[in-house]
Amino acid sequence: MIQLHRVSKWYGAGPPKGVVAVDDVTLTIPSKQCVGLLGPNGAGKTTTIRMITGFHPPSAGSIRVHDLDTIDDSVQARRLIGYLPESTPLYPEMRVIDYLSYRAKLNGLNATRRRSGIAMALERCWLKDVQRRRISELSKGYKQRVGLGGALVHNPPVLILDEPTSGLDPSQIRETRSLIRELATDRTLVVSSHILPEIEQTCDRVIIIARGRVRADGSPRGLVDQIQQRGFPHTVEVGVPPTGRERVHRALASIHGVRSVELEADRTTEQWATFKVQPKDDVADLREDIARSIVVLGLVCRELRRAQPTLEQVFLRVIETDEQRAESDARRMAEAPA
Amino acid sequence: MNALTTICGRELSAMFRIPLGWIVIALFACLSAMVFVRQTLIPGEPATMREFFRIWWGLMLFLCPAISMRLFSEEFRSGTAETTMTAPVGDAAVVAGKFFAGLAFLVLMLAPTLVFVGVLASLARPDYGPILSGYLGLILLGMLYVAIGTLASACTGSQTLAFLGTLFTLLLLDLLPSRLAPLLPDQWAAMVYAASPSERARPFYAGLIDSAHIVYFLAVSTLTLTLATIVIQWRRWR
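Line by line, the protein sequences give chains A and B. In this text, residue positions in the first sequence follow the numbering used here: the first is 20, and each later residue adds one. In this text, residue positions in the second sequence follow the numbering used here: the first is 2, and each later residue adds one.
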């Protein structure tokens with residue numbers, strides 16, 4: 020379990036002059052949950068992670084990992100955490116197995132536990148083939164696995180990965196993701212990323228951070244349901260020959276709340292025509308009206324569906340509202356008398 | 002203690018995992034041999050290694066910064082400091098581990114020169130007392146120099162800056178007594194002499210072992226390493 024209580028971090032002079040990286044964040048991550056920290060670059064993800072791992076102490080507030088304070092019981096708290104920093108720093112001159120052994124020793128493992136820890140890390144991170152190779156000779160994907168193995172070698176109950184797939188090629192990303200999914204089964208996992216599918220596919224819970232604050236928090240599905248589902252396009256496939264299509268177009272366009280209707284040429288055949296109906300911004304669901312007007316025309320309908328917002332759209336909306344808020348804040352500051 | 006030896010071991014083995022570590026030691030052994038043959042192995046002269054120690058003493062001004070510059074700077078530059086500093090290890094143990102690795106490398110560079118003692122012994126009957134105290138003096142001086150280098154390396158992510166910072170500090174400490182002390186009133190001059198590591202090391206080469214000097218080297222090295230630990234802690238808060 021990880022608890023952040025009113026945590027802030029600022030660099031330099033502190034507010035109002037210094038840079039505020041994390042601003043009054045309160046969070047609880049229960050044991051064995053897989054959490055994705057999502058946010059644009061510079062949102063405060065890495066700073067939050069660095070505070071949890073004890074690399075930076077928070078400027079205000081407190082962090083507890085399994086009920087150990089990250090400042091007062093720093094060394095004990097760090098023992099519970101496996102951490103893979105962004106950009107996967109490693110010692111290039113070391114052999115894979117020596118590196119894992121070094122990380123195990125740093126975590127105070129005795130010879131027996133060290134052997135089993137190294138064997139487990141080699142096995143779970145698919146490193147057996149390269150265990151005798153020097154890290155400098157490995158590809159980026161393998162280096163990432165070595166970093167993960169190093170974070171995992173003492174079998175910590177909490178695993179924290181900062182941008183674990185950045186800089187990897189698509190097949191390496193797929194491998195790393197499936198590895199992360201597998202690791203998430205028996206421990207608390209915090210993954211940060213600015214790439215959506217990564218979080219969507221691996222995590223039970225998504226926390227969107229922007230400008231140092233938590234802007235949204237929930238399951239990927241829950242977040243999608245939370246946002247207003249208005250203005251998403253509808254698709255309807257109607258059995259109508261080319262000559263009758265103009266009539267259908269007119270009928271759909273006359274429905275109250277429709278902004279525009281388009282014939283989707285690439286999904287249209289001799290007998291079936293697909294129309295994309297775009298509702299106005301404040302209209303959510305037109306499916307009943309569309310179905311009715313098709314029936315009134317005496318035609319049949321093969322498909323009628325409304326587009327579902329994706330997590331990406333949720334993310335963009337959260338970020339956009341955040342940017343608008345930042346702009347209006349800036350305007351207020353500028354207009355305020357000095 | 003376990004973590005300290007782990008960090009020390011990794012640091013030291015990093016210097017030898019690449020051939021360069023060995024080559025540096027070999028080159029240095031050749032250089033030392035040349036100095037030994039030219040300066041010490043002279044027929045008719047007394048069988049002492051005083052001249053040899055005097056030259057080593059000067060070489061250490063450059064050697065120690067070169068050994069210590071990478072200790073922390075390299076980790077800051079490559080980002081591995083983040084894994085070291087989030088491992089369940091106290092900052093003091095990290096600093097001590099790195100320092101002992103640097104010192105061990107220096108001692109390893111010094112080790113081949115023991116052959117020269119054997120050469121002297123086979124040709125003449127040297128007085129072993131001054132030789133022993135000379136080596137002790139070199140190691141004590143090296144200890145302080147590497148501690149200063151560790152502090153400089155903890156301050157910056159640039160190895161070049163760490164090297165130059167250490168070099169200038171050591172040169173200043175070394176030159177201060179001969180350049181500044183004569184200009185000062187006696188009381189101040191005495192203080193400058195008392196604070197100067199090279200002045201403290203000088204008696205060792207003459208065969209004098211004074212416990213006050215040993216305490217000086219141990220105390221100032223510990224103080225410097227404590228400062229390095231504070232710098233590392235301060236870097237966390239920044």
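In this text, a Cβ means the ideal position worked out from N, Cα and C, and glycines have one as well. Here the structure is a predicted model, which is why all the values come from computation and not from measurement.
{"Check": "Can you tell me which of the three DSSP states ILE43/B falls into?", "Outcome": "coil"}
{"Check": "Please return the same chain residues whose Cβ sits closer than 8 angstroms to the Cβ of GLU283/A, not counting the five positions on each side in sequence.", "Outcome": "THR254, THR293, PHE294, LYS295"}
{"Check": "State yes or no: is the beta carbon of TRP238/B nearer than 8 angstroms to at least one beta carbon in chain A?", "Outcome": "yes"}
{"Check": "Please work out which residues of its chain come closer than 7 angstroms, Cβ to Cβ, to ARG152/A, disregarding the five sequence neighbours upstream and downstream, and give them in chain order.", "Outcome": "ARG114, VAL115"}
{"Check": "Counting only beta-carbon separations shorter than 8 angstroms, does MET251/B have a partner in chain A?", "Outcome": "It is not possible to answer for residue 251/B, since the shown part of chain B is limited to 2 through 239."}
{"Check": "Could you check whether the Cβ of LEU46/A sits closer than 8 angstroms to any Cβ belonging to chain B?", "Outcome": "no"}
{"Check": "When we look at the beta-carbon of THR65/A and count the other beta-carbons within 10 Å, is it buried (16 or more) or exposed?", "Outcome": "buried"}
{"Check": "How should TYR129/B be labelled, buried or exposed, when 16 other C-beta atoms within 10 angstroms of its C-beta is the threshold for buried?", "Outcome": "exposed"}
{"Check": "Listed in chain order, which residues of the stretch 231-265 of chain A have Cβ atoms closer than 7 angstroms to some Cβ of chain B?", "Outcome": "none"}
{"Check": "Less than 6 angstroms between C-beta atoms, sequence neighbours within five positions excluded: which residues of the same chain meet that for ARG366/A?", "Outcome": "No answer is possible for residue 366/A: it lies beyond the span of chain A, which begins at 20 and ends at 357."}
{"Check": "Taking the Cβ atom as the reference point for each residue, do ALA105/B and THR225/B lie within a distance shorter than 8 angstroms?", "Outcome": "no"}
{"Check": "Contact criterion: CB-CB distance below 8 angstroms. Does TYR161/A meet it with respect to chain B?", "Outcome": "no"}
{"Check": "Taking the straight line between their C-alpha atoms, what separation do you get for ILE68/B and VAL96/B?", "Outcome": "15 angstroms"}
{"Check": "Could you please tell me which residues of the stretch 116-134 of chain A, in chain order, have their CB closer than 7 angstroms to any CB of chain B?", "Outcome": "TYR121, LYS124, LEU125, ASN126, GLY127"}
{"Check": "Who does ILE228/A pair with in a DSSP beta bridge?", "Outcome": "VAL233/A"}
{"Check": "Does GLU105/A come out as helix, strand or coil in the three-state DSSP assignment?", "Outcome": "coil"}
{"Check": "Tell me which residues share the same chain as PHE101/B and place their Cβ nearer than 7 angstroms to its Cβ, disregarding the 5 neighbours each side in the sequence.", "Outcome": "CYS9"}
{"Check": "Give me the chain A residues within the contact set of GLY158/B, using Cβ-Cβ distance strictly less than 9 angstroms, ordered along the chain.", "Outcome": "Those within 9 angstroms of GLY158/B in chain A number zero; the least Cβ separation is about 13 angstroms."}
{"Check": "From VAL116/B to ASN126/A, what does the alpha carbon distance come to, in whole angstroms?", "Outcome": "41 angstroms"}
{"Check": "Use the C-beta contact count for ALA303/A: other C-beta atoms within 10 angstroms, 16 or more gives buried, fewer gives exposed.", "Outcome": "exposed"}
{"Check": "Return helix, strand or coil for ARG143/A, following the three-state DSSP convention.", "Outcome": "helix"}
{"Check": "Using DSSP with H/G/I as helix, E/B as strand and the rest coil, what is GLY98/B?", "Outcome": "helix"}
{"Check": "Please compile the residues from chain A whose C-beta is within a distance smaller than 8 angstroms of the C-beta of GLU200/B.", "Outcome": "The premise fails here: GLU200/B is roughly 39 angstroms from chain A at the closest Cβ pair, so nothing lies under 8 angstroms."}
{"Check": "Expressed to the nearest angstrom, what Euclidean distance is found between the alpha-carbon atoms of ALA357/A and ARG350/A?", "Outcome": "The predicted model places ALA357/A with a pLDDT of 48, which falls under 50 and marks its position as unreliable, so this point remains unresolved."}
{"Check": "Could you tell me whether the stretch 71-90 of chain B touches the stretch 79-99 of chain A, where touching means 3 or more Cβ pairs closer than 8 angstroms?", "Outcome": "yes"}
{"Check": "Closer than 6 angstroms by C-beta to GLN160/B: which residues in its own chain qualify, once you throw out the five before and the five after it? Chain order, please.", "Outcome": "MET70, ARG71, SER74"}
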